[in-house]
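Here the structure is laid out as C-alpha cells; the discussion comes afterwards.
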Amino acid sequence: MAGTGSRGRAERRSAGELESEVLAALWATEGPLTPAEIQTEIGGGLAYNTVHTILKRLYDKGLVLRDADGRRGAYRPAKNAAELTAEAMHEALDRGPDPIAALQQFVSGLSPEEERALRNLFAGGGA
Amino acid sequence: MRFDVYTPLLVSLLLPLVSPVIGRRVAPALAARVLSSAAVLTAAAATWSLVLLATALLGDAPPLIREAHQDGRPLADPVPEVIGVAACVALAVVVRRVRRAVRTERRTRRMLRRLCEGHPRDTELVVAASEVPQAFAIPGRPGRILVTSAMLGALAPAERRVLLAHERAHLRHRHGQLVTAVTFAAAANPLLGPVRSAVIFLVERWADEQAATDVGDRGTTARALARAALSAGPGCALNFAERAVTRRIAALQMAPPPSLWPAAAAVLALGVGAALFAADATGDLLALLSDALT
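As C-alpha cells, then:
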C-alpha cells in the first residue's frame, strides 16, 4: 500500500520535507529507532546515508536524542519543546474552540453515524 | 443610484445560493479562488453601498435643502430617509463585526506564535506531545505544520505522508490568507456566511486533492482521512458540518472534479458586477450632491 504509488519519490522530496518525515516516524513509534528501521518505516527508496544525514541534522537542532541506554545508534525524539507546545495547545483548546477551529485542521469530529460508516469503509476496504 | 446602489445587496443574496453548486461541481482549487474573490468584492461593494446610502442623508441636511429651495429647484432625493437611517445603523454593525473579526485573527496569530516557541525556525514540523489527535497548518514565513504525537501514532507511514502533504498544500497555496479574507468578508456582510463555510470546506478539499497528487494514491489519501477522523472520535465536534470529513472521503473515492471555467467565470462576474454597480452609484451620488450644491 505504501510503496506502489510512491516508489522513487523520496529523492524528489526536499531535505526539509524528509526531515519532517523522519521526525514524524520517530514520534509515531513508541520506542527508539535505528536509522535502518527508520529507512524501512519511511520507505519510498530513501538511501541509508540520507536517513543518517537527516538524523544528524535533527540531532544538531536538539530535536532528537541518541538513545544512551538502549541499542547503539538508535534515536528517540526530544520531548521538551513538544511538551511546551502541547501545554500551549491545550490551554488554547480549553479557552474555547474559537482559535483552533479557525485553523485548517486535518480532520474534525464525526457524528456517530459518520463514525459507523467510516468503520465499515475499513472493514470492507481491507485497509 | 436608485437601483445600482442596491445591486451589491442582491448579489450578496445570490452568491450563497450558487456557492454550494459551484463547490460540488468545480475543481476545489478554482472554486475556492473564485468564491472567495467574489465574496471579498461583494462585501466591499455592499459596505460601500451602505456608505453611499448613509451619505445620501446629506441631501436631507438643512443647508442643502435651503440652497436647493433658494435655487427654486426641487431636490431629487433618490433615497428615502428611512433607508438612509437604516444604512447608518447597518454600517455601525458592520464596523463592530469587522473589528471583532480582526481581534479574533490577532488572538489566533499570537496563539500560533506561542505554539512554535522552542522549536527551531528552520524545521517544518512542530510536534506537540499530546494525547489529543490534532493537526493543522500554521501560516507564516516559513509556514509550519503542527501535529500531535497521538495523531502521528494513529497513522500508518503512508498516511503520515498524506497528512504532511495535506498541511503543506495549505501552506503552499496560502489557504490561511484565503480563509482570513473570506472571514473578513463574512464579518462585513453576514449574508455571505454560507460562502465562507463553502470556502473553508473547499480549501480542505483542495489540500486533499493536492495530497493525493503528491502521494500518488487517492485510496491512501481517503484512508488517511478516515483513520485520522476515527482517532479524533466523535468527542471533538468543531464545526464538523463545515469540514465534513465523510464528504471529503467520498470525493476522494471519485474522479477529481473538472475545472469548469464558465461556471467559475460566472461567479467572478457576480462579484465584479457588484463592484461596478457600486462604482456607478458613487458617480450618481457625487453628481447629485454637486448638483444640489451648485
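Protein sequences appear in the order of chains A and B. If you count the first sequence from 1, you need to add 7 to reach our numbering. If you count the second sequence from 1, you need to add 1472 to reach our numbering. No residue lacks a Cβ here, since even glycine has one placed at the ideal position from N, Cα and C.
Query, Result
"Please report the straight-line C-alpha distance between A/T57 and B/L1513, rounded to a whole angstrom.", "49 Å"
"For A/R126, would you say it is in contact with chain B, using Cβ-to-Cβ distances shorter than 8 Å as the test?", "yes"
"Measuring only the C-alpha atoms, how far is B/A1684 from A/E120?", "26 Å"
"Looking at chain B, is there any beta carbon in it that lies within less than 8 Å of the beta carbon of A/K63?", "no"
"Please tell me whether B/S1669 has its Cβ less than 8 Å away from any Cβ of chain A.", "no"
"With which residues is B/T1620 paired in a DSSP beta bridge?", "B/A1600"
"Give the residues from the stretch 73 to 96 of chain A that approach chain B closer than 9 Å (Cβ to any Cβ), ordered along the chain.", "P84, K86, N87, A88, A89, E90, L91, T92, A93, E94, A95, M96"
"What do you get for B/W1678, buried or exposed, if any count of 16 or more other CB atoms within 10 angstroms of its CB means buried?", "buried"
"Does the separation of the CB atoms of B/I1555 and B/V1739 fall below 8 Å?", "no"
"In the DSSP assignment, what are the bridge partners of A/Y82?", "A/L40, A/R73"
"To the nearest angstrom, how far is the alpha carbon of A/A93 from that of B/V1598?", "10 Å"
"Cβ closer than 7 Å: which chain A residues qualify as neighbours of B/G1625?", "A35"
"Does DSSP put B/A1723 in a helix, a strand or coil?", "helix"
"Output needed for B/L1648: all residues of its chain with C-beta closer than 6 Å, excluding positions within five of it in sequence on either side, in chain order.", "The question names Leu, but residue 1648 of chain B is Gly in the sequence shown. Here the set comprises P1611."
"State the beta-bridge partners of A/Q112 as determined by DSSP.", "B/F1608"
"Note down, in chain order, each residue of its chain lying with its Cβ closer than 6 Å to the Cβ of B/F1749, except the 5 sequence neighbours on either side.", "D1476, T1479"
"Are the beta-carbon atoms of B/P1488 and B/V1667 separated by less than 8 Å?", "yes"
"Is B/M1583 close to chain A, meaning its C-beta is less than 8 Å from at least one C-beta of that chain?", "yes"
"Which of the three DSSP states, helix, strand or coil, is assigned to B/F1475?", "coil"
"Are B/A1701 and B/V1675 touching if we call contact CB-CB under 8 Å?", "no"
"Only counting the same chain, and skipping five residues up and downstream in sequence, which positions put a Cβ closer than 6 Å to that of A/M8?", "Reliability fails at A/M8, whose pLDDT of 38 lies under 50, so the model's placement of it is uncertain and the value that follows must be treated cautiously. Answer for A/M8: no residue qualifies."
"For the candidate residues B/V1570, B/R1616, B/L1618, B/V1604, whose alpha-carbon lies nearest to that of B/A1653?", "B/V1570"
"Verify whether the separation of the beta carbon atoms of B/R1616 and B/E1631 is less than 8 Å.", "no"
"With a cut-off of 8 Å, does the C-beta of B/F1656 fall near any C-beta of chain A?", "no"
"Out of B/R1613, B/E1639, B/A1628, B/P1629, point me to the one whose CA is closest to B/V1619's CA.", "B/E1639"
"Beta-carbon separation of A/Q112 and B/Q1682 under 8 Å?", "no"
"To the nearest whole angstrom, what separates the beta carbons of B/S1602 and A/H97, a pair I think is in contact under 8 Å?", "7 Å"
"For A/I45 and B/L1502, what's the separation of their Cα atoms in angstroms?", "38 Å"
"Can you name, in chain order, every residue of its own chain whose Cβ lies under 7 Å from the Cβ of B/T1754, other than the five neighbours on each side?", "L1524"
"In the structure shown, what three-state DSSP assignment does B/R1575 receive?", "helix"
"Starting from B/E1681, find everything on chain D with Cβ-Cβ shorter than 8 Å and list it in chain order.", "Of the protein chains in the structure, A and B, none is chain D."
"Which residue wins for smallest C-alpha separation from A/K63, given the options A/L25, A/E122, A/T36, A/S118?", "A/L25"
"Short of 9 Å Cβ to Cβ, which residues in the stretch 1477 to 1499 of chain B face chain A?", "none"
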